[in-house]
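Protein chains in written order, with the working numbering: chain D, 1 to 323; chain P, 1001 to 1362; chain Y, 2001 to 2305. Think of the CB as a built atom: it goes at the ideal place given N, C-alpha and C, for glycine as much as any other residue.
This is the structure in C-alpha cells:
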C-alpha cells in the first residue's frame, strides 16, 4: 500500500515537472502577446506592412494618439524591412547550405572510407557546437572582407544581368555576408540529418541495385536519395527555423540597416531577431513605452513564424515518411 | 576497436582536465581574493553604464577613485547614452552616463548632472586626403546622410574645398547602431544648421533615412573600427577617441560653425563655444551647447552627464554616489584625467550647480 | 524488418524499374563518367562544409593562443584590457545555476513523458518540447528581461540570466531523457514490474540507471549550448567587470560570449586579444564537453548493443 502511494506521489511529481515545458512556452506566448497589444492596436496592419521605424520626437514633449493608444509625436513602427531581411538572409543561407549539406552527407554516407567517415562526421558535428558569437567573429574577420573584396564583385560581374545581384557591393556588411554565415551555421544540421537518413537505406536495396547493373551513382540517385528525401526536406525546414531566429552572428555582419527595403544581395539588412537585440536600448528611451511594445510585437511575429516553420517541418516529415 | 576506445577515453579525460584547469585557475584566485573584500568592511558596489564617449574617462576615474576609496567598487560599461539613461531611469544602475540630457518626459526624481565638457569630431577615411582637414558643413553632412550627396567629389563638397583633389568615390556614411548621445548631438548639429534639409530630427536614436550605403556601428569604438576598415567612410566620433583616430591616421574635418567659419575641436574653440552658452544653463542643467555663436566656436560640444536618481537604495549607496560624483567634479576634473580624453573642465559656476544637484541624492 | 522498412522497400522496388529504364538509355561509359562527376560534387560539398570549421578553428586558435596568458585567468576585465577571470567565472556561475534548475525539471519531465503519459500526451509534450527548442533565444531573452528583471524586480542578475538559460536548456534535457528511457529494454522493465515492484521503484532502480549515460549526455549537450549563448543573457545578466558575487539578484554578471561580441568591435588591440582569447576558451570548453559527452554516448552504444 505504501508503495502504491509512493508511486502516485512520484507520478504526480514528475507530471508536475512535465508541465514546465508547456508552462514556459505558454508564459512566453501570453506575455509577449499581451505586451505587444498596444503597439499592434496603435499601428494596426501597418505594423507588418509599414517600412518606417520611428520612435517619434522624444525631445518635443508632445504625444500623438492613434486608435486610443498614446505614443510620442511622429512615432511609427513598421517592420516590413525586417521581415523581408529575415526571410532573405534565411533564403540565401538555405540556397547555399542545402546543396553543400546534401553533398557532404552523400560523401559521408556513400563515398568516404569508414575510417575517414567517423572523423569527418565528428568534425561536422563539432561545427554545430561552435557558439554563434564565434561564427559572428569569423564572419567579421573572414566573410565580410571576402564578400567586399572578392565574392561580391565577382558575383556582381558574372550575374549582374539579374537586377538583384547587381552591385554596388559596398562594405561587405549585409545580406550576402549574413546569409553565408547563416549557411555555415545550418550546414551541420542538414548534413547530419541527411547522412543519417541515407545510411538508413536498407543494405539489400542498395546491393540489389548494383547487382542489377546500375552504377554506384545510379544506385544512389535511384535508391538512396528517394529514401532520404523526406528527412532532407524536414532538415531544410528545421534549418530555416534556426536561421530565422539567429541573433548574434547576424547582428555582427548584417550592417544593421533601418527603414531600408533590401535593394540588392550585398546591401545592409536587418532581421527581426537582430532588431530586438539592437533596438532594446533605444526603445527604453521612449517615455511612452510604445517602442517597447513594438519590440514585443516583433518578438511575437518571430515567435509565430518559428511556430509555423517548426510545426510545418514536423508535419511534412510525418506525412512524407508515411507515404 | 580497442585502440580507438582507449584513444577516446584519453581524449575525453584530457579535455575534462583542461576544462577543469581553465575554471580552477580563476576560481582559485577568486576564492583567495574574497576574504580581502570582507576585511575591508561593508563594501558598496556602484554600477555605471552608458555613453561610450564618457567611457574612456570613467576607466581613468574609477581606478584612481577606488584606490583612495577602497570600500567602493564601480563597474563601468560602454553601452551608449540611451542605455545609460534608460537603466538609470529603471534603477538598474546608479550612474547612467550620457552625452544627451534627459528628454522632457522623465521621472521628476531623475537628474542630469554635467561632469565635464566634451566635443565631437567628424572623421573620415579618404585615402590620400586623411592628412588634409577637409571642410564640411551641416548642410553638406545632412546631404551625405540623406543620400543627396553621393560621392566625395560632389559639387557641394568641392565648393567647400577648392584646390583639393577629391576622389570620385562613393561616400560610406556610418551611424551609431546603439541609442547614442553622439547621435543626439550630431543630429542636433544637422537640425540646427541644415533646417529642412535634415528631415529626421534629433534624438539618441533617430529614424535614419533609408540609405543603402549607411552602415550601423556599435559605440564610438565601433565607429573608429568602421572608419579604419572601410575606405571612403565618414563618421561622427567623440573627441575622447582622438588618440585612436590619430593612431589610425584618419582624417578630421573642420566643421562650419554658426559664424560661417571652419574650425577644429581644440581646447580654444571648445572653450569659446562653451563660454557662449554655459551662462544659459538652467538649474536642472539640461542645455544644448551645439551650434553656439562665436567667430571661433566649435559647433558640436556638449555637457557629459551623469544621469542619477535622487532616490537610492540605501544611505550607503547614496553616500557613495555623492562621494564619487563630487570627486569627479573636483579631483576628476583635473588636467591629468581630462587631457587624456581631450575634454574641458566645467566652469566654476557649473560645478556649483552640479554640486547642488548632487546634494539631492539621498 | 519493421513495417516502415517493408513499406519503404516496396516503394523502392517500384522505383527500380524507372531507374533501370533510364540507365539503359545511356552507354556504360557515359554513365560512369556521370557517376564520377556527382561523386566529385559530393566531395566538393564535403570540402566546402569542412572549410569553414577549419578556418574558424585556425582563426580562433592562432589569435586566441597568442592572447592567452596567466593574466587572462587571474585578472578581471578592466575597461577593454585586463583578463577574463570575471567572464570565465560568470559563465560557470550562469550555466551551473541554469543547469541546477533545468536538469531536475528536464529529467523529471522526460521521465513522465517516457513512463507515464499515454501516446497522445507524449506526442503533444514532445511536440511542445520541439517547439520550445525552436523559439529564438532572443525571444527568451526579451521575455526574461521583462519578467525577471522588470516584473520580479531582480534587476540584472545571476538568477535572471540563469533562468533565461534554463528555459533554453530545458527542452534538450527533456528530449534526451525521454530518448534514453525509451531505449531501456522492455524485458528489463517488465521483468521488474512482474516481480511486483512498483512503477516508480522500477523507474528509479532499473530504467534511470540504465538510461543514465544518455541522460548525462543530454545534460552535457545542454551545458554546451548554455555556454555558447549570448542573446538570452544580454538583457538579463547584462555585464560586469567584476567577479560574480554569490548575490542572486541585483548584481550583474559577465560572461565570455559578451566579450567576443563587444570587444571585437573595439579599435584597441588589447580588446581584440581578449575577444579572441574568449572565443578560444568558448570553443575549447564546448569541444571538451562534446568529447566527454561522446565518451558517455559511446559507452551507452556498447551497452545497448
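Should residue 2134 (chain Y) be labelled buried (16 or more other beta-carbon atoms within 10 Å of its own) or exposed? buried
Note down, in chain order, every chain P residue with its Cβ under 7 Å from the Cβ of residue 2292 (chain Y). 1012, 1015, 1016
Determine the chain P residues that contact residue 168 (chain D) at a beta-carbon separation under 9 Å, and present them in chain order. 1170, 1212, 1213
Backbone secondary structure at residue 16 (chain D) - three-state DSSP: Residue 16 (chain D) falls in the helix class under three-state DSSP.
Just to confirm my understanding: we take residue 2093 (chain Y), look at its own chain, exclude 5 residues before and 5 after, and list those with CB closer than 7 Å. What are they? 2158, 2244, 2253.
Please report whether the beta-carbon of residue 2046 (chain Y) lies at a distance below 8 Å from any beta-carbon of chain D. yes
Rounded C-beta distance between residue 1234 (chain P) and residue 1173 (chain P)? I'm assuming under 8 Å. 6 Å
Since residue 1262 (chain P) sits in a beta bridge, which residues does DSSP pair it with? P:1256
Take residue 2193 (chain Y) and list the residues in its own chain whose beta-carbon comes closer than 8 Å to its own, dropping the five residues that flank it on each side. Excluding its 5 nearest sequence neighbours in each direction, residue 2193 (chain Y) has C-beta neighbours in its own chain below 8 Å: 2199, 2202, listed in chain order.
Below 9 Å on C-beta distance, what does residue 2099 (chain Y) contact in chain P? The contacting residues do not exist; residue 2099 (chain Y) stays about 14 Å from chain P at best.
For residue 2228 (chain Y), which residues of its own chain have a beta-carbon under 8 Å away from its beta-carbon, when the five flanking residues on both sides are left out? Excluding residues within five positions, the ones whose Cβ falls inside 8 Å are 2257, 2282, 2286.
In terms of DSSP beta bridges, what is residue 1098 (chain P) paired with? P:1305
Under 8 Å, with one C-beta from each stretch per pair, do the stretch 2164–2171 of chain Y and the stretch 2085–2104 of chain Y reach the 3-pair mark? The stretch 2164–2171 of chain Y, when compared against the stretch 2085–2104 of chain Y, does touch it at the 8 Å Cβ threshold.
By Cβ distance, which residues of its chain are closer than 8 Å to residue 1036 (chain P), with the 5 residues on each side in sequence left out? Interpretation of residue 1036 (chain P) is limited by its pLDDT of 41, a score under 50 that renders its predicted location unreliable; no figure is taken from the coordinates.
What are the residues in the stretch 2250–2274 of chain Y lying within 7 Å of chain D by C-beta distance? 2257, 2260, 2261, 2264
Using Cβ-Cβ distances below 9 Å, what residues of the stretch 246–258 of chain D are close to chain Y? 246, 247, 248, 251, 252
Compare the Cα-Cα distances from residue 164 (chain D) to each of D:203, D:197, D:88 and report the closest residue. D:88
What residue range does the alpha helix (DSSP H) around residue 99 (chain D) cover? 80–106
Would you call residue 1136 (chain P) buried or exposed, if buried means 16 or more other Cβ atoms sit within 10 Å of its Cβ? buried
Kindly say whether residue 10 (chain D), judged by its beta-carbon, lies nearer than 8 Å to any beta-carbon of chain P. no
Start and end of the alpha helix (DSSP H) containing residue 2086 (chain Y)? 2085–2111
When the distance is taken between beta carbons, is residue 1307 (chain P) closer than 8 Å to residue 1102 (chain P)? yes
May I ask whether a heavy atom of the ligand MG can be found less than 7 Å away from the beta carbon of residue 227 (chain D)? Of ligands this structure carries none, so the ligand MG is not represented either.
Per-residue DSSP class, three states only, for residue 1135 (chain P): It is a strand residue.
What are the residues of the stretch 1305–1332 of chain P that lie near chain Y, defined by any Cβ-Cβ distance shorter than 7 Å? none
Just by C-beta distance, which residues in the stretch 1021–1032 of chain P are closer than 7 Å to chain Y? 1022, 1023, 1025, 1026, 1027, 1029, 1030
Below-8 Å beta-carbon distance, residue 2223 (chain Y) vs any chain D residue: no
Taking only beta carbons into account, state which residues of the stretch 129–159 of chain D come closer than 8 Å to chain C, listed in chain order. Absent here is chain C; the protein component of the structure consists of chains D, P and Y.
Secondary structure of residue 2082 (chain Y), DSSP reduced to three states: In the structure shown, the three-state DSSP call for residue 2082 (chain Y) is strand.
N-terminal and C-terminal residue of the alpha helix (DSSP H) that residue 1059 (chain P) is part of: 1055–1068
Assign residue 61 (chain D) to one of two classes, buried (16 or more other C-beta atoms within 10 Å of its C-beta) or exposed (fewer than that). Burial state of residue 61 (chain D) is exposed, judged by a 10 Å Cβ sphere holding fewer than 16 other Cβ atoms.
Where do the ends of the beta strand (DSSP E) carrying residue 1125 (chain P) lie? 1110–1125
What's the C-alpha gap between residue 1169 (chain P) and residue 1152 (chain P)? 6 Å
Between which two residues does the alpha helix (DSSP H) containing residue 1074 (chain P) stretch? Premise fails: residue 1074 (chain P) lies in the beta strand (DSSP E), 1072–1075, not in any alpha helix (DSSP H).
Let me see if you follow: with CB-CB separation under 8 Å, is residue 325 (chain D) close to chain Y or not? The structure shown does not extend to residue 325 (chain D), since chain D is modelled only from 1 through 323, so no value can be given for it.
Comparing alpha-carbon positions, which option in D:236, D:283, D:153 lies nearest residue 194 (chain D)? Nearest C-alpha to residue 194 (chain D): D:236.
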